Amino acid sequence: MDLRLSGKRALVTGSTSGIGVGIAQALAAEGVAVVVHGRDAARAGKVAADLRGSGVRVGVALGDLASDEGAAAVAKAATEALGGIDILVNNAGGQAQQSAAGFDNKTPDDWLATYNNNAVAALRLIHLLSPAMKERGWGRIIQIASAAASAPSETVPQYSASKAAIVNLTVSLSKALTLTGVTANTVSPGMIATPALDGWLDGIAQAQGFGADRARTEAYVAENLVQQTVGRIGQPHDIGAMVAFLASPLADFINGANFRVDGGCSPSVN
938 MDLRLSGKRA LVTGSTSGIG VGIAQALAAE GVAVVVHGRD AARAGKVAAD
988 LRGSGVRVGV ALGDLASDEG AAAVAKAATE ALGGIDILVN NAGGQAQQSA
1038 AGFDNKTPDD WLATYNNNAV AALRLIHLLS PAMKERGWGR IIQIASAAAS
1088 APSETVPQYS ASKAAIVNLT VSLSKALTLT GVTANTVSPG MIATPALDGW
1138 LDGIAQAQGF GADRARTEAY VAENLVQQTV GRIGQPHDIG AMVAFLASPL
1188 ADFINGANFR VDGGCSPSVN
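So the sequence shown is residues 938 to 1207, counted in our numbering.
Below is the structure:
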């Protein structure tokens, strides 16, 4: 299917590994020019070189989104690289601090830092890049949250709450963008096979005697630990496919929505 995205320009934050790479690849495959963002120049350069193999223009923007100054530098670099940004994918984030797991071990500083790393970092780029989208009369803002936003974690409550904030602020944003031609939606991934998950999966494989059989390990995890109904762990391209659709003109009538791409594991109706 032609998503009619050829020629559009996207900034995908946190796109030097994992889900971000999957999103960048999906957009590039549709003819979208992509700015790769991260904090490591070597990793960003490698992803950018791979994407250029798709025949699209590719730029790189380096910087930390946890400060106003860092976000402004990233927005400036991205805009200069492609001459403007039509599609903003706020994927960067995570836990800002790695204190011991559990509600009682998370300090106010942990909560504030994680909220800044996720919700506020996204908000900075929205403020910086959405005005030009509104002036052009077309744009897409796509937020990457988490299935934990609606099924909160007991071990990392500050992360779950910060992702719920992203879902919430995106609805407010969609209303603020009324009649501008710009839409805002959220994608909430479940468990996705990324480099960050490798160590945990290796431990499961060793404990269960699966050796190097990753497919068997992932099937075991999907059935017994996260209880996904599709029988496997998600892949970055699963998220990329949803993002590419939401970025396309085919999704013009979708605004303020949250799409869980979690293999059916979330025990709720929304």
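Note that beta-carbon positions come from the ideal geometry of N, C-alpha and C, so glycine has one too. Because the structure is a prediction, the values reported are computed rather than measured.
Continuous alpha helix (DSSP H) stretch holding residue i: start and end
i, result
"residue 1182", "1173 to 1184"
"residue 1024", "Here residue 1024 belongs to no alpha helix (DSSP H); instead the beta strand (DSSP E) covers 1024 to 1027."
"residue 1051", "1045 to 1052"
"residue 988", "978 to 989"
"residue 960", "955 to 966"
Residue i in three-state terms, based on DSSP
i, result
"residue 1040", "helix"
"residue 1134", "helix"
"residue 947", "strand"
"residue 1194", "coil"
"residue 971", "strand"
"residue 1158", "helix"
"residue 940", "coil"
"residue 1169", "coil"
"residue 1010", "helix"
"residue 1139", "helix"
"residue 1150", "coil"
"residue 1187", "helix"
"residue 1199", "coil"
Classification of residue i by the beta-carbon crowding that lies within 10 angstroms, buried from 16 upward
i, result
"residue 1000", "buried"
"residue 1161", "exposed"
"residue 1013", "exposed"
"residue 1095", "buried"
"residue 1131", "buried"
"residue 1148", "exposed"
"residue 1165", "buried"
"residue 974", "buried"
"residue 938", "exposed"
"residue 1057", "buried"
"residue 1143", "exposed"
"residue 1047", "buried"
Span of the beta strand (DSSP E) around residue i
i, result
"residue 995", "995 to 999"
C-beta atoms of residue i and residue j nearer than 9 Å
i, j, result
"residue 1127", "residue 1199", "yes"
"residue 1101", "residue 1087", "yes"
"residue 993", "residue 972", "no"
"residue 1176", "residue 1024", "no"
"residue 1038", "residue 1077", "no"
"residue 1059", "residue 1030", "yes"
"residue 1192", "residue 1111", "yes"
"residue 959", "residue 1172", "yes"
"residue 963", "residue 1178", "yes"
"residue 1184", "residue 945", "yes"
"residue 997", "residue 1018", "yes"
"residue 968", "residue 988", "no"
CB contact below 9 Å: residue i versus chain D
i, result
"residue 1040", "Of the protein chains in the structure, only one exists, and it is not chain D."
At what residue ranges does the region 1058 to 1129 contain a whole run of the beta strand (DSSP E), taking only runs of 3 or more? 1076 to 1081 and 1119 to 1126
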